[in-house]
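Visitor:
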Amino acid sequence: MNRRSFLRGAAMLGASAAGLGALSACDVRPANSGARSVKVARVGVLAGGAIQSHNNDAFYQGMRGLGWVERQNVTFEVRASEGDTTKLPSLVAELLGLPVDVIVTGNLPAAQAAQRATRTTPIVLAGVAEPVSVGLVGSLAYPGGNVTGLARLPAQLAAKRLEILKEMLPGLVRVAALWDLSAGAGLQLDETQAAAPGLGLQIQVLTAKSLRDFEAAVAAASRGRAEAVTLHGPLFGAPVTSTRILADLAVRARLPSMAIEKQYVESGVLVAYGENVTEIFRRAAIYVDKILRGVNPAGLPIEQSTDFELVINSTTAQALGLTIPPSVSSRVSAWTR
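One rule links them: number in the numbering used here = place in the sequence shown (from 1) + 19.
#1: Can you list, in chain order, the residues of its chain whose CB lies under 8 Å from that of Ala359, leaving out five sequence neighbours each side?
#2: What are the start and end residues of each continuous alpha helix (DSSP H) run of 4 or more residues lying completely inside the segment 312–346, in chain order?
#3: What are the residues that DSSP puts in a beta bridge with Ile122?
#4: Cα separation between Ser352 and Glu328?
#5: Taking all protein chains shown into account, decide if Arg90 is buried (16 or more other Cβ within 10 angstroms of its Cβ) or exposed.
#6: Quick one: using the 10 Å Cβ neighbour count with 16 as the cut-off for buried, is Lys309 buried or exposed?
#7: Assess, as a yes-or-no matter, whether the segment 138–148 is touched by the segment 117–130 under the definition of 3 or more beta carbon pairs within less than 8 Å.
#8: Consult DSSP for Gln207 and reduce its assignment to one of helix, strand or coil.
#9: Would the beta-carbon of Ala215 fall within 9 Å of that of Leu250?
#10: Out of Pro189, Leu172, Ala240, point me to the one whose CA is closest to Gln207's CA.
#11: In the DSSP assignment, the alpha helix (DSSP H) including Asp76 goes from what residue to what residue?
#12: Rounded to whole angstroms, what's the CA-CA distance from Leu230 to Thr94? Just pull it up for me.
#13: Going by DSSP, which residues form a beta bridge with Glu89?
#14: Would Ser348 pass as a contact of Ile331 if the rule is Cβ separation under 9 Å?
#15: Give the single residue among Thr124, Ala266, Thr211 whose Cα lies nearest to the Cα of Ile183.
#16: Any idea what DSSP makes of Glu294, helix, strand or coil?
#17: Residues in its own chain within less than 7 Å of Ala99 by CB, not counting five upstream and five downstream?
#18: Just to confirm my understanding: we take Ser346, look at its own chain, exclude 5 residues before and 5 after, and list those with CB closer than 8 Å. What are they?
#19: Output the distance between the C-alpha atoms of Ala342 and Met277, rounded to the nearest integer angstrom.
#20: Quick one, which of Leu220, Arg271, Asp209, Leu218 has its alpha-carbon nearest Phe233's?
#21: By Cβ distance below 6 Å, which residues in the same chain neighbour Gly163 in space, the five residues on each side in sequence not counted?
#22: Evaluate Val72 with the Cβ neighbour count: other Cβ atoms within 10 Å of its Cβ, from every protein chain shown; 16 or more gives buried, anything less gives exposed.
#23: Ignore the nearest five residues each way along the sequence and tell me which others in Ser286's own chain have a CB closer than 6 Å to its CB.
#24: At which residues does the alpha helix (DSSP H) containing Arg180 begin and terminate?
#25: On the CB-based measure, 16 or more other CB atoms within 10 Å of its CB, does Thr104 come out buried or exposed?
#26: Under the three-state reduction of DSSP, which class applies to Arg301: helix, strand or coil?
#27: Pick from Thr355, Pro108, Thr325: whose alpha carbon is nearest that of Thr335?
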């Protein structure tokens with residue numbers, strides 16, 4: 020489970036920094052290149068959640084590892100919507116007005132806002148879900164525009180998440196599936212519904228248009244006699260505060276909750292199974308480095324991570340009175356509280 024490998028673009032992205040050759044049009048050089056910097060690169064980081072995050076820190080570490088040192092040869096311009104998608108167009112406009120040389124984002128609504136605003140400034144995806152199906156790129160092998168990076172395909176893991184829930188809750192029958200209408204999580208929901216009958220599960224679909232809908236959604240799950248809830252999509256950028264609110268509501272309703280990534284569990288959700296998003300953000304630096312050196316994003320294949328992690332919140336399990344069976348606990352990548 021801890022082994023890291025990637026399915027797409029390995030040959031291109033495995034090249035060393037020294038072997039990349041030509042400089043970019045903005046003529047910037049990594050600090051360890053032995054050459055004097057002509058211009059400081061400007062990288063826009065567009066977050067759907069909070070400005071500060073473990074994922075962003077991993078991206079900065081990845082950049083440093085490639086020789087990009089803040090205030091020496093690169094500056095990071097960070098903008099965050101804090102879960103409010105209505106802010107995204109103005110945040111993108113701010114970044115483009117600076118201007119930035121490239122925009123990095125791990126949030127689907129943010130990526131869509133950036134693409135609507137520019138077809139020239141490169142956009143690097145750091146784990147955005149289903150980029151082909153939502154129209155961000157033409158294909159994973161050849162994106163064909165100004166968008167490239169790393170993709171998550173959470174719909175393909177929908178069945179596995181249900182299997183894990185069933186293993187944790189052997190008598191499980193009714194599962195509520197909550198998804199954010201603005202997040203393009205339809206494929207996740209479709210795959211969840213398709214996988215459910217084979218596991219003897221019934222799915223109750225719940226939708227949310229804003230954070231204010233969470234309480235009503237959880238109440239509806241209780242009325243429908245749901246025994247667990249799965250969370251689909253980034254859920255309004257998944258800022259820490261809103262995720263904690265949702266996690267607390269689920270605990271109070273005695274609903275074990277399953278999410279798509281670790282950050283939800285760190286905020287109180289019971290369990291998550293999905294790609295290692297922190298590692299995805301670290302690898303996004305490779306794409307930014309290549310683009311700053313002049314590589315056209317249209318020809319950079321999009322990677323799909325095969326580094327998955329199973330994370331459980333032990334405090335939430337205790338609050339729900341759950342004992343995690345050995346068959347599940349033996350596969351846990353990380354426990355959090």
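All C-beta atoms in this analysis are idealised placements derived from N, C-alpha and C, irrespective of residue type, glycine included. Quantities reported herein were computed from a predicted structural model and do not represent experimental measurements.
Guide: According to the structure data:
#1: Because the chain here runs from 20 to 356, residue 359 falls outside it and cannot be looked at.
#2: 333–338
#3: Gly63, Ile142
#4: 6 Å
#5: exposed
#6: buried
#7: yes
#8: helix
#9: no
#10: Leu172
#11: 73–84
#12: 33 Å
#13: Val93
#14: yes
#15: Thr211
#16: strand
#17: Ala66, Gly68, Ala69, Ile70
#18: Glu186
#19: Per the sequence presented here, residue 342 reads as Thr, with Ala not at that position. When rounded, the distance between both Cα atoms is 16 Å.
#20: Arg271
#21: Gly157, Ala317
#22: According to the sequence shown, residue 72 is Ser rather than Val. Answer is buried; the Cβ neighbour count reaches 16.
#23: Val259, Thr262, Arg263, Ala266
#24: 177–187
#25: buried
#26: helix
#27: Thr355
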